[in-house]
Amino acid sequence: MTNPSILDRLDVDDIDFAFQDTPDLHLLLARLRERKPYAVVPFAGARAVLLLTHDLVAAAFKDEQTFPARAVYTLTTEPVLGRTLQCMTGDEHRVHRAIVSPPFRRSLVTGWIEPLLEPIAHELIDRFADREQADLVAEFSTRYPVLVISRLLGLPVDDEATVLRWAHDLFYFPLDPAAAHRASREFADYVVPIIARRRAAPGADLISKLVTETVDGIALSDDQVLAFLRLLFPAGADTTMLALGNTLSALLTHPEQLAAVAADPVEQVQWAVWEGLRWEPPVGLLPRACPVATHWQGLDIPALTPVIFAVNAAHRDPAKYPEPHRFDITRRATTMLSFGQGPHSCLGSWLALAELRTGLTALVTRLPGLRLVAGADPDATVTSQVGTALRGPGALRVTWDRSHVLGRQRTG
Ligand code: HEM
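Its first residue numbered 127, the sequence shown is counted upward by one per residue in the numbering used here.
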């Protein structure tokens, strides 16, 4: 007879957490957490431990030894992106991360990157501001972070449609691996000659910074630069796209708070961004694994158990946030679990925050009276995207007071 295991009893039996979304996800997670701080749930035909409290999720993020990122990412991203930071551990990860980090430090984001953001946001709004309606997902939040990445890389602007397709196809790797591999190859063909040119004559762009930086006498090879650049699409562009969509969705469904943001963007936008990240974090249910049997935080977890870091449950843990289901920009909580914690925490969090602030400021300033088109409310619903890990709205059909539409101006 085998010993009883934590996995013997399922707490949910009708939803597979690898593939299936559920309309009442937050309610389900809250009910499960009322019973205990974790739940055992179906996951891709196996059973996973779903961590539900802020304390457990924060502790798990910091514990790379028990839940090494590479256990999952070598399977889910390495085949198409190459060997990225997420597949590395220990010294290799430390050195590689130190080489790529400088351009993403807070001071550089403020001085070098922030001035690039506002013109991109306005360019996109210019394309629809004269119309009566727009879908902010298709016409703004999907495009803006991809354009930011292409400009940072110094890619020619006339390739916008191709770059958008690469970003889309790399994102949808789990659903369409063939398209993702094609995008990965096309991106390599396109960018390898650019890497060579920047090695020969470095400029002020991100690729030049990546090819010239060294740490402990180590520099990145072309393959390593290429893998990092590919990672910027799913890790940097898609997450920011979803975060912007989630915050807009929250504000559009809480019009009085949107009005408060529009009335004082300099003060309120930053808090709307943080509350949006708390209320509906784009990386909502992050799958990891526990490769070896362990006794962790009072739980006996068998070897090879999938473990899901439920950031979205942690952000609605009443022990951390009073009245957690209420969207409230006056909460003023800086919820860093959105960006992970520990060695693999988000490298681009300062960039992401700057993008979100700038994008939202431009929208509320240029489009007075911004609101959902009547009858479009269901579109503002945040659902899972691709798998269940990432969450955002599918569409945000909006209108605004056209008689007051403001022209392009500095909003920052
Ligand atoms: C709101 C937008 C963003 C969110 C919510 C987000 C979230 C996250 C999270 C949760 C992780 C940790 C994943 C894990 O532990 O497995 C992460 C890692 C990472 N993020 Fe972000 N991210 C965002 C934007 C960005 C941007 C703009 C960049 C661009 C530079 C970026 C680059 C990265 C990289 C390179 C890693 C891997 C770090 C490592 O493994 O050492 N992210 N992000």
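Every residue, glycine too, gets a C-beta built ideally from N, C-alpha and C.
Alpha carbon of residue i to alpha carbon of residue j, nearest angstrom
| i | j | result |
| --- | --- | --- |
| Phe299 | Ala305 | 7 Å |
| His451 | Ala388 | 23 Å |
| Phe359 | Asp139 | 34 Å |
| Thr210 | Arg291 | 21 Å |
| Phe143 | Asp252 | 40 Å |
| Thr487 | Ala500 | 23 Å |
| Thr236 | Leu151 | 37 Å |
| Gly474 | Pro130 | 42 Å |
| Gly495 | Pro381 | 9 Å |
| Val490 | Ala309 | 34 Å |
| Asp256 | Asp285 | 25 Å |
| Leu357 | Pro504 | 32 Å |
| Phe453 | Thr288 | 37 Å |
| Thr365 | Val175 | 24 Å |
| Val524 | Leu498 | 4 Å |
| Thr537 | Leu368 | With a pLDDT of only 49 at Thr537, under 50, the local geometry of the prediction cannot be trusted, and the value read off the model is given with reservation. Cα to Cα, the separation comes out at about 23 Å. |
| Glu265 | Asp342 | 44 Å |
| Glu406 | Ala385 | 20 Å |
| Arg220 | Thr148 | 38 Å |
| Leu374 | Arg269 | 15 Å |
| Arg173 | Pro408 | 23 Å |
| Leu346 | Leu463 | 29 Å |
| Asp189 | Cys213 | 15 Å |
| Glu240 | Val392 | 15 Å |
| Val437 | His180 | 8 Å |
| Asp302 | Leu155 | 29 Å |
Outcome for residue i when other beta-carbon atoms lying within 10 angstroms are tallied against a minimum of 16
| i | result |
| --- | --- |
| Asp443 | buried |
| Lys162 | exposed |
| Gly329 | exposed |
| Thr340 | exposed |
| Ala440 | buried |
| Leu278 | buried |
| Ser233 | exposed |
| His248 | buried |
| Gln191 | exposed |
| Thr250 | The question names Thr, but residue 250 is Leu in the sequence shown. Looking at its Cβ environment, which holds 16 or more other Cβ atoms inside 10 Å, Leu250 is buried. |
| Gln259 | exposed |
| Gly362 | buried |
| Arg492 | buried |
| Glu481 | buried |
| Ala170 | exposed |
| Val418 | exposed |
| Pro271 | buried |
| Gln146 | exposed |
| Tyr349 | First, the residue type needs correcting, since residue 349 is Asp and not Tyr in the sequence shown. Asp349 is exposed by the Cβ-count criterion. |
Residue span of the alpha helix (DSSP H) that contains residue i, given as start and end
| i | result |
| --- | --- |
| Arg291 | Glu286 to Phe297 |
| Ile333 | Leu332 to Thr338 |
| Val387 | Pro381 to Ala389 |
| Arg356 | Asp348 to Leu357 |
| Ala264 | Looking at the DSSP string, Ala264 is not in any alpha helix (DSSP H), and its letter there is neither H nor E. |
| Glu204 | Glu204 to Leu207 |
| Thr540 | This structure leaves residue 540 out entirely; the chain is present only between 127 and 538. |
| Ile246 | Glu240 to Asp252 |
Residue i - DSSP class collapsed to helix/strand/coil
| i | result |
| --- | --- |
| Gly518 | strand |
| His470 | coil |
| His307 | helix |
| Leu281 | coil |
| Val418 | coil |
| Ile455 | coil |
| Thr491 | helix |
| Val138 | coil |
| Val341 | strand |
| Gln511 | strand |
| Glu401 | helix |
| Asp302 | coil |
| Glu449 | coil |
| Ala195 | coil |
| Ile132 | coil |
| Thr200 | helix |
| His219 | helix |
| Met214 | coil |
| Arg157 | helix |
| Pro360 | helix |
Delimiting residues of the beta strand (DSSP E) encompassing residue i
| i | result |
| --- | --- |
| Arg523 | Arg523 to Thr525 |
| Asp147 | Careful: Asp147 lies outside any beta strand (DSSP E) and carries neither H nor E. |
| Asp426 | Leu425 to Ile427 |
| Val499 | No beta strand (DSSP E) holds Val499; DSSP gives it neither H nor E. |
In DSSP terms, what residue i is bridged to
| i | result |
| --- | --- |
| Gln259 | Thr525 |
| Ile434 | Leu176 and Pro413 |
| Pro168 | Arg173 |
| Arg323 | Beta-bridge pairing links Arg323 to no other residue. |
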